[in-house]
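Trainee:
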Amino acid sequence: MLAGAKLLELYNRLYSAYGPQHWWPAETAFEIMVGAVLTQNTAWSNVEKAIAGLRAADLLSPHGIATAPLTSLEGAIRPSGYYRQKARRLQGVVRAVYGSASDLQEYLAGPTPEVREKLLSLRGIGPETADSILLYAASAHPTFVVDAYTQRLVARYPLPVPQGPGDAYDRTKGYFEAQLEPDLELYRELHALIVRLGATHCRARPLCGTCPLRRGCAQKV
DNA sequence: ACCCAGGTGTTTC
DNA sequence: GAAACACATGGG
């Protein structure tokens, strides 16, 4: 079988069902980074409220977030949950980025593994947030994003992701990147489609009767 | 009144 | 190292 055939079939089935997803849902690279932090373990609808709160408080800018009093940040992003944690971490991330680079694109320039490590060293940026920022806020980092939906998918749908040992995130990410050419648009779209699938069908109460993957999906886990 | 959501960091066996 | 826990709001 051709390398990546199973994942390309997955992509085709999802794309046929849902079409292009236009991700990331944000206007600017900066907003993508902000949203990536705010959406951690949080429904996107709540992140939208938080982004709107930042905009309403005139804080949706590097300078605004870097210099705002924490209490103001907390109040603005409250709907996104974990608001005390996220306010501190978001401010720390923005200060780190714009303290060492003149803009986000400059901060994200360089070899993908090195920039990824740089992001991971920041408090509040773990593997998924780092990969989301790399993939969607920059244009030169075809790195695959693994989220809870992706992990759930590989547990139900027959994909030969290597078993342990090692970190589950890295194993899944490594599998996708080994099977697929490093294509920015493909990675962006496939991740977005997996989220669309998960948000529609793979929550606590699966709707497997209309799931585009019902043929071949284990329906368990 | 539950359960869950596009995780991360810390603490504990 | 895996596993358990804290972090918190809003919608089903």
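Using the numbering used here, read the first sequence as starting at 280 and increasing by one per residue. For every residue, glycine included, the Cβ atom is placed at its ideal position computed from N, Cα and C. Computed from a predicted model, the values in this text were never measured in an experiment.
1. In the segment 351-387, which residue ranges form an unbroken alpha helix (DSSP H) of at least 4 residues, counting only runs that do not cross its ends?
2. Taking only runs that begin and end inside the segment 393-439, name each unbroken alpha helix (DSSP H) of 4 or more residues, in chain order.
3. Under the three-state reduction of DSSP, which class applies to S324: helix, strand or coil?
4. When you compare the CB positions of L472 and Y290, do they come within less than 9 Å of one another, or not?
5. Are the beta-carbon atoms belonging to E468 and W302 less than 9 Å from one another?
6. Count the CB pairs spanning the segment 361-381 and the segment 419-429 that are closer than 8 Å, and state whether there are at least three.
7. Buried or exposed for E464, going by 16 or more other Cβ atoms inside 10 Å?
8. Below 6 Å CB to CB, which residues in the same chain sit around K328 once its five sequence neighbours on both sides are set aside?
9. Where does the unbroken alpha helix (DSSP H) through E468 begin, and where does it stop?
10. Among C487, L476, G488, which has the Cα closest to the Cα of Q300?
11. Label R368 either buried or exposed according to how many other C-beta atoms from any shown protein chain fall within 10 Å of its C-beta, with 16 as the threshold for buried.
12. Do K365 and L398 have their beta-carbon atoms positioned less than 9 Å apart in this structure?
13. Going by CA-CA distance only, name the one from P444, D337, P437 that's closest to R493.
14. On a Cα-Cα basis, can you pick out the residue from R363, T408, R402 that is closest to I311?
15. For P491, count neighbouring Cβ atoms within 10 angstroms of its own Cβ and tell me buried if that reaches 16, exposed if not.
16. Excluding five sequence neighbours on each side, which residues of the same chain lie with their C-beta closer than 7 Å to the C-beta of Y297?
17. What are the start and end residues of each continuous alpha helix (DSSP H) run of 4 or more residues lying completely inside the segment 282-344, in chain order?
18. If you run the structure through DSSP and keep just helix, strand and coil, what is Q458?
19. Can you give me the C-alpha to C-alpha distance between T429 and A388, rounded to a whole angstrom?
20. Taking the alpha carbon of P341 as the point to measure from, which residue in R431, Q370, G314, S351 has its own alpha carbon closest?
21. With a threshold of 8 Å on Cβ separation, who are the neighbours of Y294 within its own chain once the five nearest residues in sequence on each side are excluded?
Mentor: Judging by the given coordinates:
1. 362-379, 383-386
2. 406-411, 427-435
3. Counting from 1 along the first sequence, the entry for residue 324 is found at position 45. Reduced to three states, the DSSP call for S324 is helix.
4. As a position in the first sequence, residue 472 is number 193, starting the count at 1. As a position in the first sequence, residue 290 is number 11, starting the count at 1. Taking 9 Å as the Cβ cut-off, L472 and Y290 qualify as a contacting pair.
5. Here residue 468 corresponds to residue number 189 of the first sequence, with the count starting at 1. Here residue 302 corresponds to residue number 23 of the first sequence, with the count starting at 1. Yes, Cβ-Cβ distance for E468 and W302 is below 9 Å.
6. no
7. Taking the first residue of the first sequence as position 1, residue 464 is located at position 185. Exposed, because fewer than 16 other Cβ atoms sit within 10 Å of the Cβ of E464.
8. Here residue 328 is taken as the residue at index 49 of the first sequence, counted from 1. P358, listed in sequence order.
9. Walking along the first sequence from the start, residue 468 turns up at place 189. It spans 463-480 - the alpha helix (DSSP H) in which E468 sits, taken as one unbroken run.
10. Looking up residue 300 in the first sequence gives position 21. If we check each option's Cα against that of Q300, L476 comes out closest.
11. Your numbering for residue 368 matches position 89 in the first sequence. Flag for R368 reads buried.
12. The residue given as residue 398 occupies position 119 in the first sequence. The residue given as residue 365 occupies position 86 in the first sequence. No, the Cβ-Cβ distance between L398 and K365 is not below 9 Å.
13. Within the first sequence, numbered from 1, the residue matching residue 493 stands at position 214. Residue P437 is the option with its Cα nearest to R493.
14. Residue 311 sits at position 32 when you count from the first residue of the first sequence. Of the candidates R363, T408, R402, the one whose C-alpha sits nearest the C-alpha of I311 is T408.
15. Mapped onto the first sequence, residue 491 falls at position 212. Buried is the call here.
16. Start at 1 with the first residue of the first sequence, and residue 297 comes out as number 18. For Y297, where only same-chain residues beyond five positions count, the Cβ hits under 7 Å are L472, R475.
17. 284-297, 308-317, 323-335
18. Here residue 458 refers to the residue found at position 179 when the first sequence is read from its first residue. The answer is helix: DSSP assigns Q458 an H, G or I state.
19. On the first sequence, position 150 is the one that residue 429 refers to. On the first sequence, position 109 is the one that residue 388 refers to. Straight-line Cα distance between these residues: approximately 27 Å.
20. Here residue 341 refers to the residue found at position 62 of the first sequence. That would be Q370, whose Cα lies nearest to the Cα of P341.
21. Residue 294 sits at position 15 when you count from the first residue of the first sequence. Result list for Y294: E468, L472, in chain order.
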